[in-house]
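Take a look at the structure below.
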Amino acid sequence: RKEVEQDPGPFNVPEGATVAFNCTYSNSASQSFFWYRQDCRKEPKLLMSVYSSGNEDGRFTAQLNRASQYISLLIRDSKLSDSATYLCAVMVTGGGNKLTFGTGTQLKVEL
Amino acid sequence: GAVVSQHPSRVICKSGTSVKIECRSLDFQATTMFWYRQFPKKSLMLMATSNEGSKATYEQGVEKDKFLINHASLTLSTLTVTSAHPEDSSFYICSASGGRDGYTQYFGPGTRLTVL
């Protein structure tokens, strides 16, 4: 089983739709969680950290479920510019701040 | 804040040559820098972790003699791909941590290496 798993997609949604991605992790010692956005042939850019209580940043909401070992990202009112690959990343306690990335979920927002 | 630069952005070289990639944190001191490799449609794979002034820690399966890492200062790390071969063609990305919270990683723009 991979350490961090994501549905690769693509998720094709119309503009204005709400879309949610899940990411599961296998190491229960994971302590910190992140969502990154990666555009084609570009570097990942930090979208948001994921906190235990859940957090929201504009149209984006991140949730953490430690019991089931998954994190989620919800995008409301999706825009064409949201089209990208969304990577979840997990950091393990005592792991030297190393991140383990999922393979990413591709989102395509269409007119 | 938390800007990381990488140079060159793209390099094409002949098989057998060595290529050096620089990673710089521009507005913060990076206590730790990470080097990743990403193949098309694949995720980022960590190659090594480097701390300023000490030897890099390589991930399993990554040859330290082939991928030489130097972290000479708190703002600069270099990755040298020695005797590059076509199978080394990939997107190499560095990241740096040590900003406000000390652990969030900020990524450089990446270097696309093509070995002919």
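Protein sequences appear in the order of chains A and B.
For the first sequence, this note's numbering assigns the number 111 to the last residue and increments by one with no breaks.
For the second sequence, this note's numbering assigns the number 227 to the last residue and increments by one with no breaks.
Ideal Cβ placement from N, Cα and C applies to all residues, glycine included.
Item                                                                                                                                               : Value
Beta-carbon contacts of glutamine 140 of chain B that lie in its chain and below 8 Å, excluding the five residues immediately before and after     : Leu185, Thr186 and Gly209
Interface residues of chain B facing glutamate 3 of chain A [CB-CB closer than 7 Å]                                                                : Result: empty, since nearest Cβ-Cβ is about 11 Å, beyond 7 Å.
Assigned secondary structure, serine 81 of chain A (DSSP; H/G/I helix, E/B strand, else coil)                                                      : helix
Distance between beta carbons of threonine 85 of chain A and glutamine 38 of chain A, contact taken as under 8 Å                                   : 5 Å
For tyrosine 203 of chain B, the first and last residue of its enclosing beta strand (DSSP E)                                                      : 201 to 208
Backbone secondary structure at proline 220 of chain B - three-state DSSP                                                                          : coil
Contacts around arginine 121 of chain B, its chain only, beta-carbon distance under 6 Å, and the 5 residues preceding and following it disregarded : Arg223
7 Å Cβ shell around serine 200 of chain B - same chain, five flanking residues per side excluded                                                   : Leu224, Thr225 and Val226
Per-residue DSSP class, three states only, for glutamate 198 of chain B                                                                            : helix
Residues that phenylalanine 101 of chain A contacts on chain B, provided the C-beta gap is smaller than 7 Å                                        : Ser154 and Leu155
Under 8 Å between C-beta atoms of glutamine 106 of chain A and proline 10 of chain A                                                               : yes
Stretch pair the segment 91 to 101 of chain A + the segment 154 to 170 of chain B: three plus CB contacts closer than 8 Å                          : yes
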